[in-house]
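Peer 1: Just so we're aligned, residue 319 is where the sequence shown starts under the numbering used here, counting upward by one. Below is the structure I would like to discuss, written out as structure tokens.
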Amino acid sequence: MKLYVAVPLVLLALLIAASGVAAVTSGWVLPMNRRHVRAPRTYGWGQLVVAFALCWQLVVGLLIGDSGARPSGTLIGAVLLLAGLLVMMVGQVSGGDRRGGGRP
Numbered sequence: 319m320k321l322y323v324a325v326p327l328v329l330l331a332l333l334i335a336a337s338g339v340a341a342v343t344s345g346w347v348l349p350m351n352r353r354h355v356r357a358p359r360t361y362g363w364g365q366l367v368v369a370f371a372l373c374w375q376l377v378v379g380l381l382i383g384d385s386g387a388r389p390s391g392t393l394i395g396a397v398l399l400l401a402g403l404l405v406m407m408v409g410q411v412s413g414g415d416r417r418g419g420g421r422p
């Protein structure tokens, strides 16, 4: 993996991880996602898994570059990425309604 691909990947992973930590700790979700997310903590855990998967892909691409372990490392990263996306989807469809008050 080239450095010009690795640097944006690290920045993207850091931004996703920061958003995930905010969602897990305080329930805060980015304004563009607030309308869709019903369980912010679950959604945040999914973001953290996605950020970890991106970092995993980066490590496999940079450090394990030309060895025989690269295909299995890439497959593990892809499975982690898919699992994180699935957890994020669960955070969008499950959970309670985010509206305040006691009105139905």
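Glycine included, every Cβ here is placed at the ideal spot set by N, Cα and C.
For V368, which of helix, strand or coil comes out of DSSP?
Peer 2: Along the sequence shown, read from residue 1 onward, the residue named residue 368 stands at position 50. Three-state result, V368: helix.
Peer 1: When the Cα atoms are used, what is the spatial distance from W374 to L399?
Peer 2: Start at 1 with the first residue of the sequence shown, and residue 374 comes out as number 56. Start at 1 with the first residue of the sequence shown, and residue 399 comes out as number 81. When rounded, the distance between both Cα atoms is 10 Å.
Peer 1: Where do the N-terminal and C-terminal ends of the alpha helix (DSSP H) with M350 fall, by residue?
Peer 2: Translated into positions along the sequence shown, residue 350 becomes position 32. M350 -> no alpha helix (DSSP H), and no H or E assigned at all.
Peer 1: Within its chain, find whatever has a CB closer than 8 Å to the CB of R359; leave out the 5 residues flanking it on each side and keep chain order.
Peer 2: Sequence index remark: in the sequence shown, residue 359 carries index 41 (1-based). Answer for R359: A341, V342, G345 and G409, listed in chain order.
Peer 1: When the distance is taken between beta carbons, is L327 closer than 8 Å to L376?
Peer 2: Numbered from 1 along the sequence shown, position 58 holds the residue referred to as residue 376. Numbered from 1 along the sequence shown, position 9 holds the residue referred to as residue 327. Contact flag set, yes.
Peer 1: Determine whether the beta carbon atoms of Y361 and V355 lie at a separation below 8 Å.
Peer 2: Here residue 361 is taken as the residue at index 43 of the sequence shown, counted from 1. Here residue 355 is taken as the residue at index 37 of the sequence shown, counted from 1. Contact: yes.
Peer 1: Taking only the alpha-carbon atoms, compute the straight-line gap between P349 and V339 and give it to the nearest angstrom.
Peer 2: Start at 1 with the first residue of the sequence shown, and residue 349 comes out as number 31. Start at 1 with the first residue of the sequence shown, and residue 339 comes out as number 21. Computed Cα separation, rounded: 15 Å.
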